[in-house]
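**Student:** Protein chains in written order, with the working numbering: chain A, 1 to 250; chain B, 251 to 495.
(1) Please classify residue 250/A: is it buried, with 16 or more other beta-carbons within 10 angstroms of its beta-carbon, or exposed?
(2) Let me know if residue 383/B comes out buried or exposed under the rule of 16 or more other beta-carbons within 10 Å of its beta-carbon.
(3) Among 36/A, 49/A, 245/A, 60/A, whose alpha-carbon lies nearest the alpha-carbon of residue 214/A?
(4) Look up residue 30/A in the DSSP assignment and say whether it is helix, strand or coil.
(5) Residues of chain B with CB under 8 angstroms from residue 233/A, in chain order?
(6) From the DSSP secondary-structure annotation, give me the bridge partner or partners of residue 62/A.
(7) Whose Cβ in chain B lies nearer than 7 angstroms to the Cβ of residue 251/A?
(8) Which same chain residues end up closer than 7 angstroms to residue 81/A when comparing Cβ atoms and leaving out the 5 residues on each side of it in sequence?
(9) Could you tell me the boundaries of the beta strand (DSSP E) in which residue 218/A lies?
(10) Using CA atoms only, rank isn't needed, just tell me which of 375/B, 406/B, 268/B is closest to residue 422/B.
(11) Please tell me whether residue 455/B has its Cβ less than 8 angstroms away from any Cβ of chain A.
(12) Just to confirm my understanding: we take residue 93/A, look at its own chain, exclude 5 residues before and 5 after, and list those with CB closer than 8 angstroms. What are they?
(13) From the DSSP output, read off the bridge partner residues of residue 12/A.
(14) Can you tell me the Cα-Cα spacing of residue 345/B and residue 379/B, whole angstroms?
(15) Going by DSSP in three states, residue 230/A sits in which element: helix, strand or coil?
(16) Would you report the Cα separation of residue 95/A and residue 396/B, rounded to the nearest angstrom?
(17) Give me the subset of the segment 381-415 of chain B whose CB atoms are less than 8 angstroms from a CB atom of chain A, sorted by chain position.
(18) Give the range of the beta strand (DSSP E) segment to which residue 263/B is assigned.
(19) Got a sec: is the Cβ-Cβ distance from residue 53/A to anything in chain B below 8 angstroms?
(20) How should residue 294/B be labelled, buried or exposed, when 16 other C-beta atoms within 10 angstroms of its C-beta is the threshold for buried?
(21) Look up residue 354/B in the DSSP assignment and say whether it is helix, strand or coil.
(22) Closer than 7 angstroms, Cβ to any Cβ of chain D: which residues of the segment 100-117 of chain A, in chain order?
(23) Label residue 146/A either buried or exposed according to how many other C-beta atoms from any shown protein chain fall within 10 Å of its C-beta, with 16 as the threshold for buried.
(24) Strictly below 8 angstroms CB to CB, what residues from chain B border residue 157/A?
(25) So what does residue 253/B bridge to, in DSSP terms?
(26) Assuming the contact rule is C-beta atoms closer than 8 angstroms, residue 151/A and residue 84/A should be a hit. Round their C-beta distance to whole Å, please.
(27) Establish whether the CB of residue 68/A and some CB of chain B are separated by less than 8 angstroms.
(28) Any idea if residue 55/A is buried or exposed, counting beta-carbon neighbours within 10 angstroms, 16 or more meaning buried?
(29) Please classify residue 372/B: is it buried, with 16 or more other beta-carbons within 10 angstroms of its beta-carbon, or exposed?
(30) For residue 442/B versus residue 287/B, is the C-beta distance shorter than 8 angstroms?
(31) If you draw a straight line from the C-alpha of residue 230/A to the C-alpha of residue 23/A, how long is it?
(32) If you measure from the CB of residue 200/A, is any heavy atom of the ligand NAD nearer than 7 angstroms?
(33) Just reading off the alpha helix (DSSP H) that residue 113/A is part of, what are its end residues?
(34) What does residue 84/A reach in chain B if we use C-beta pairs closer than 7 angstroms?
(35) What ranges does the alpha helix (DSSP H) occupy inside the segment 344-422 of chain B, keeping only unbroken runs of at least 4 residues that lie completely in it?
(36) Could you tell me whether the Cβ of residue 93/A comes closer than 8 angstroms to any Cβ of chain B?
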């Protein structure tokens, strides 16, 4: 399999706080990889760096063997190929669901309003939200908002989708409907990178799992290996805590 | 107040010189006619102020390092415009610019008085817009940029529409204030309502025309404020979650 994304010694600091330390990773096309780790371990920052929302201090990121972190690279065409879904949805509150999805289609891809609108309604139907197309985000439940946000990111037909703790702001009973959408995406050819606290889900859906600790890759392996036979002491400790908190059946 | 004031010893005299019904009806037509000029000045300065103010606010909010000099320029502009009393700008621009030898109609104090008013107000209103732009959460920008929108597309479609909705109340505050400050242009010549009231006051030796002028101002500014409240409520009902009791 070819490498979709390569991270080469990526470092990122906010002030004196170094959040990512020399992170190197290769991710294949169509792979599903989950990033787990304690809060503050750098999961979110890593995803934001890949989407170029944060500028990395050192190292490089390559998409299809082209470096996207080089100085002077236009970020906009790259962001079209790498979608991101945020923990807090970040829908545009002044726009209807339809407009949220079609905005980038018409403004960035230059599609006509009709084309964009039909893409939006196809996606919403697929996610069971066809009746919400003219609603405003504030009128939707968290789970519905997050599914709209996923639809918005998918509308641009990205090759890579970054899911940044997309269920962390949801009520427990709404988590399922969002995870179902992600399950459906797996195998569609899209490369999925998840930062997540849903260990059961990470174990079920991931090809590989990456355990981050203090901004470094502490352990990387198949989902099976990480969750059943972790070798790194920090991974063992982390999973022990997760299991005793009842978030993963051991 | 309503109870005590009429019991003051000289109330009768005040009542006669400020609340004379006949004088009011005499001067009212003059005042209304003069008020048309106020409305005209207001009507042509308002759009100019809003456009200039939004441009200033955007220039100040830009993060492009190449536009640093523009940012410095607009910061200086707002500081200078806000730092000097409006009336002084009206004198300086209204008398000064026509004085450099422009031909009619470009030497009219009316035009340059309005320009001075527009210049100062655009600086105030720009700050209101800027506060609105900065109040839109960074995550909105992140969401827009992550979809591949450029920074100007993000500003136009995502940031500004939300910013403007949020600043409508303080914006209306400035517009009501402008509606009244239009009267200051009269100080360099044009006969608008306040000056007309002054003329009638002198003619009748009675202050009632000023009361008439005040009533006319209120008749415009109060509905304007109520209308804005209505628009805001409607917008909230359309997009917002249900209200908390």
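Note that CB positions come from ideal geometry on N, CA and C, so glycine has one too.
**Tutor:** According to the data block:
(1) Summary for residue 250/A: the model assigns pLDDT 48, below 50, so the residue's position carries little reliability, and this model does not support an answer.
(2) When all chains shown are included, residue 383/B counts as buried.
(3) That would be 36/A, whose Cα lies nearest to the Cα of residue 214/A.
(4) Residue state for residue 30/A is assigned as coil, using DSSP reduced to three classes.
(5) Within chain B, no residue comes near residue 233/A; the closest Cβ sits about 35 angstroms away, beyond 8 angstroms.
(6) Note: residue 62/A is bridge-paired with 6/A, 67/A in the DSSP secondary-structure output.
(7) The requested residue 251/A does not occur in the structure, where chain A is confined to residues 1 to 250.
(8) Excluding sequence neighbours, residue 81/A sits near 63, 158, 159, 160.
(9) Per DSSP, the continuous beta strand (DSSP E) segment holding residue 218/A begins and ends at 216-222.
(10) Taking only the C-alpha atoms, the option nearest residue 422/B is 375/B.
(11) Not one chain A Cβ lies under 8 angstroms of residue 455/B.
(12) So the qualifying residues of the chain are 136, 137, 138.
(13) Here residue 12/A is bridged, per DSSP, to 20/A.
(14) Between residue 345/B and residue 379/B, the C-alpha separation is close to 30 angstroms.
(15) Note: residue 230/A maps to coil in three-state DSSP.
(16) The alpha-carbon atoms of residue 95/A and residue 396/B are separated by roughly 17 angstroms.
(17) From the segment 381-415 of chain B, only 389, 390, 392, 393, 394, 395, 396, 397, 398, 399, 400, 403, 407, 408, 411, 412, 415 have a Cβ closer than 8 angstroms to chain A.
(18) In the DSSP assignment, residue 263/B falls outside any beta strand (DSSP E) and lies within the alpha helix (DSSP H) extending over 261-268.
(19) With a threshold of 8 angstroms between beta carbons, residue 53/A makes contact with chain B.
(20) Label assigned to residue 294/B: exposed.
(21) Residue 354/B: coil per DSSP, three-state reduction.
(22) The structure shown contains no chain D; its protein chains are A and B.
(23) With 16 or more other CB atoms across the displayed protein chains lying within 10 angstroms of its CB, residue 146/A is buried.
(24) Residues of chain B whose Cβ lies closer than 8 angstroms to the Cβ of residue 157/A do not exist; the shortest such Cβ separation is about 12 angstroms.
(25) Answer by DSSP bridge pairing: none, since residue 253/B is not bridged.
(26) In fact, because the Cβ distance is near 14 angstroms, the residues do not count as touching under 8 angstroms.
(27) Closer than 8 angstroms: no.
(28) Only exposed fits residue 55/A, as fewer than 16 other CB atoms lie within 10 angstroms of its CB.
(29) Residue 372/B should be labelled buried.
(30) In contact: residue 442/B and residue 287/B (Cβ atoms closer than 8 angstroms).
(31) Each residue's alpha carbon lies about 19 angstroms from the other.
(32) Absence of the ligand NAD from the depicted structure is noted, as is the absence of any ligand whatsoever, leaving it without description.
(33) In the DSSP assignment, residue 113/A falls within the alpha helix (DSSP H) that extends over 113-126.
(34) Chain-ordered, the chain B residues with CB closer than 7 angstroms to the CB of residue 84/A read 396.
(35) The segment 344-422 of chain B contains these whole alpha helix (DSSP H) runs: 359-385, 388-396, 401-404.
(36) With 8 angstroms as the cut-off, residue 93/A counts as an interface residue toward chain B.
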